[in-house]
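For the sequence shown, UniProt numbering assigns the number 1 to the initial residue and increments by one for each residue that follows.
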Amino acid sequence: MTFDYFKLINSITIELKCSLSESIRLIMLCAYCIHHGYKSIEDGVMNDNIAHAIYHRLHNIYNISLEKESRFSEILYMEMGTQLKINQYTEVIETLFEQWNLMAGRGQRESGMPKEIAQLSAHLMKDWKEKDIFNPYAGFASFGIFCPNTSYHGEELNIDVATLAKLRLDAHGMSINDVEVADSTRFEWLGGNVMVAMPPFADKLVDKANSFVNFSNFKINNSLEFLIAQFTALPGLRKAILVTPTAFSYQIGGYKILREALLDQNLIDSVIELPSNILYGTSIPCSLLVLNKDKSNQDVKIVDARECFYQHSKSIRILDIKKCIESITSEHTTLNVSTSDILKDNGNLSYDFYKRSQLVYPDTYKKYSLDDLICRAFADSRHGDENGRVITVSNLPFTPFTGEIKIEDLEIASVAGLTKISHPCIIMSTIGQARAAICPASQDNPVYLKPNIIAWDLLMFDLVDANYLCLELNKISAYGTYANRIRVNDILKMEIGLPSKEEQIAIFTEAKEAYTLVKAEELGLAEIIQSMKAEYINNVRNRKHDMAPYMRQLSSGFKLINTYIDREDYASIKNVIARQEDAFKRLQELVNILSDEEEFGNPEIVNIDEFLLELENSPYDKVNYKILYDTDSPSLEALGLPFHTSHSNNCVSDNSDVEPNREPLALWVNIGKLDLKRAVDNIISYAAQHGFVDKDRTDYCIWVTLSADTHKGTFNINFTNNGLPFPEGLTKERYGMLGEKAGKTGRNGKGGYIVRSIVEHFGGDYDILVGNETSTVRISLPIANLDENETL
């Protein structure tokens with residue numbers, strides 16, 4: 001039977017009133033002391049530097065009293081002593097580190113690189129003769145533990161992280177001196193021939209780092225750039241494996257300069273694109289950048305391993321090493337591109353960018369460049385119109401199977417400065433993942449395009465089916481800086497293979513049918529429709545029952561009025577009319593409820609960061625819980641957006657590194673502010689009512705995280721709580737359904753429906769995620785650009 005570490009961690013947290021991450025430290029300390037033969041934690045602390053360092057953190061920083069802890073010492077020693085008899089010391093410590101990475105705050109999670117990345121790196125290194133590893137930004141020393149080496153030297157600036165890394169090395173039979181507390185930007189270590197590292201994403205280095213190295217006259221701004229420069233500067237380092245944001249492969253600006261410099265020197269051996277959501281604390285995808293000073297060829301190997309994962313939970317993915325290795329060796333997921341070709345394309349190292357040009361089509365297909373098939377549609381930018389139907393990215397479908405854009409459904413708004421389209425064309429987004437659709441515009445029914453929308457005219461109607469072309473355009477990914485813009489010239493240079501027009505129509509029809517079946521299966525639509533139907537019928541019956549007494553009152557009122565008129569009893573007539581008026585009002589209320597018409601405010605530009613900062617200090621009746629807010633820095637940086645630094649918002653971590661008095665950042669959405677508040681109020685109040693039901697718990701928390709989706713051009717706002725989990729079987733669809741109630745504490749079943757209605761009305765989306773002892777409601781809203789008053 002698997003030991004329930006979470007239960008033990010949680011019980012310590014409640015009793016000692018500390019964070020979950022500190023409880024894990026205490027259990028690690030206990031296991032360490034037992035393994036090394038100490039009679040108690042106190043005995044270990046008196047005689048061992050590692051034990052003393054962990055104990056010092058617990059008592060001097062968190063003031064956990066020795067009296068309270070001593071009550072646990074005997075029980076904890078007995079529990080962990082039993083576990084160490086059943087399981088290996090190494091296994092126990094690794095399990096605790098996994099719990100740590102899942103629970104710790106974002107700032108602390110950055111130290112906990114998933115061990116699977118180190119294991120994949122070990123596969124890449126297995127045939128290298130170089131095995132002396134230098135690991136700056138060592139974190140918990142995963143590279144040292146899982147990569148083959150003849151020597152290992154790790155540097156970690158954070159003393160607490162370095163202490164835990166030493167404990168982990170000890171559990172794996174390695175020297176605790178293999179990791180030292182050091183600042184990697186000081187060049188204090190000049191040994192090793194292999195550099196491996198996952199530098200912190202979205203950090204900024206002070207100018208001191210630039211005094212140590214000069215690389216292609218490039219000013220170093222962050223740790224990744226510093227490590228690349230360091231690798232080129234130290235002659236002893238021959239190879240490197242660096243974990244980078246995938247955006248490093250295609251962003252212009254500083255990263256472009258670095259890529260081109262590395263390509264000029266023929267240092268890039270390979271790039272392996274990994275899945276999103278495999279890193280702790282951020283959702284952005286990452287890549288492995290493999291550098292080699294001893295390359296014999298002029299090609300770069302680019303590997304697509306983005307689907308190499310298995311789903312641990314809805315929000316957590318685990319890298320699948322076996323699938324990754326298969327991807328590295330498979331011709332279907334690898335490309336070999338010459339450095340000269342890459343340099344012609346701004347040093348772009350993205351797999352998708354080159355894959356289309358290397359596609360092999362059947363003999364019956366004919367290859368065409370897109371600039372032979374489409375051209376920019378004529379758009380009138382000097383129309384002088386005041387208002388009209390406006391197309392934004394949020395109006396475009398995520399799949400090409402939803403048919404034409406319905407012009408009558410588009411919002412009427414001011415069109416000053418927007419381009420006007422007055423003929424049928426194909427509309428496409430130019431940010432994130434391409435989204436294309438047919439637009440039936442006309443002289444009588446024109447549309448107006450936001451700056452992130454482009455219109456195409458078909459040049460060869462006899463060769464191309466518009467639906468099939470939309471299907472192909474939807475496969476294009478964006479590469480750029482802010483919001484990952486798709487460049488028009490890149491689109492026109494792309495090639496596609498065309499079968500006959502009849503076959504195009506058949507392919508699209510089959511793809512649409514297959515997609516519809518898959519989605520129906522995926523969503524369980526039949527069951528949902530039946531549930532909605534039953535809920536609606538029940539709702540109507542309830543309203544009919546509620547209306548009955550007022551209908552009787554109105555009916556009897558007519559008879560009474562006629563009677564009183566005959567008697568000329570005017571006082572009684574007035575009383576009856578008053579009762580009739582009251583009955584009519586009650587009926588009107590019930591009719592409004594039955595029709596359930598939602599009214600929304602006008603969209604306005606809202607600073608979402610300012611809104612969430614205010615939420616953190618909001619006047620909610622937070623008797624037994626708190627609200628904490630943070631940004632997912634790497635995902636915001638990937639879109640060129642500002643972010644908060646040094647703030648760990650998770651309930652299970654301390655807040656010793658909170659940035660005081662944070663000023664609102666320029667992060668904007670387009671939504672009715674009162675509507676946004678209503679949606680958020682529903683999420684928070686329902687979490688408090690349904691989740692925070694244990695009056696004895698004092699660690700309840702809602703932590704709010706703002707991240708950016710690089711493909712959809714949206715902000716994702718996660719509202720995560722550590723109360724009771726969602727009811728079993730609750731899905732996204734059920735959460736947003738009118739009348740769905742959250743278990744025994746459910747109220748009117750409208751909370752999730754209100755959230756869904758609001759975010760979808762303003763072009764967004766929603767979801768629910770179930771984690772390890774947590775529940776999350778996510779809302780997604782299109783990013784708005786204040787300068788251009790546009791929605792991305």
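Note that the Cβ used here is the ideal one computed from N, Cα and C, for glycine as well.
Take the alpha-carbon of Phe-401 and the one of Tyr-368: they are about 23 Å apart. Between the alpha carbons of Thr-698 and Leu-418 lies a gap of roughly 53 Å.
Bounds of the alpha helix (DSSP H) holding Asn-49 are 49-56. Along the length of the region 415-475, whole alpha helix (DSSP H) runs at least 4 residues long occupy 466-473, reported in chain order. DSSP, read as helix, strand or coil, puts Gln-689 in helix. In this structure, the CA atom of Lys-501 is about 16 Å from the CA atom of Tyr-361. For Leu-665, DSSP assigns no beta-bridge partner whatsoever.
Assignment of Ala-784 by DSSP, reduced to helix, strand and coil, places it in the strand class.
Contact between Phe-143 and Ser-175 fails: their C-beta atoms lie close to 15 Å from each other, not under 8 Å. Partner residues in the beta bridge of Glu-273, as assigned by DSSP, are Ser-287, Asp-304.
Checking the DSSP bridge columns, you'll see Phe-201 has no partner listed. A residue is called buried when at least 16 other Cβ atoms come within 10 angstroms of its Cβ; His-332 does not meet this threshold and is exposed. As far as DSSP is concerned, Met-125 takes part in no beta bridge.
Between Asn-722 and Thr-774, the C-beta gap is smaller than 7 Å, which places the two residues in contact. For Leu-242, the enclosing beta strand (DSSP E) covers residues 239-245. Boundaries of the alpha helix (DSSP H) around His-35: 20-35.
The C-beta distance from Thr-185 to Phe-226 rounds to 6 Å, short enough to fall under 8 Å. The C-alpha of Asp-294 is placed about 22 Å away from the C-alpha of Ser-249. Secondary structure of Asp-380 (DSSP, three-state): strand. In the DSSP assignment, Lys-323 falls within the alpha helix (DSSP H) that extends over 321-329. Under the DSSP assignment, Gly-254 falls outside any beta strand (DSSP E), being part of the alpha helix (DSSP H) whose first and last residues are 254-264.
The straight-line gap separating the alpha-carbon atoms of Leu-463 and Leu-373 is approximately 9 Å. A direct Cα-to-Cα measurement between Glu-760 and Tyr-766 gives close to 8 Å. Between Ala-118 and Glu-155, the C-beta spacing is not below 7 Å. For the pair Trp-100 and Leu-167, the Cα-to-Cα distance works out to about 14 Å. Taking a contact as a CB-CB distance under 8 Å, the pair Arg-435 and Leu-471 does not count as one, their CB atoms being some 12 Å apart.
DSSP lists no beta-bridge partner residue for Glu-510. Counting C-beta atoms within 10 angstroms of its own C-beta, Tyr-570 has fewer than 16 neighbours from the protein chains shown and is therefore classed as exposed.
The three-state secondary structure of His-172, taken from DSSP, is coil.
Between Ile-438 and the set Pro-446, Asp-444, Met-428, the nearest pair of CA atoms involves Met-428.
Pro-499 and Thr-364 do touch by the CB rule: their CB atoms are close to 6 Å apart, below 8 Å.
Leu-76 and Ile-27 have their C-alpha atoms some 8 Å from each other.
Closest in C-alpha terms to Ile-754, from the list Glu-733, Val-770, Leu-769, comes Glu-733.
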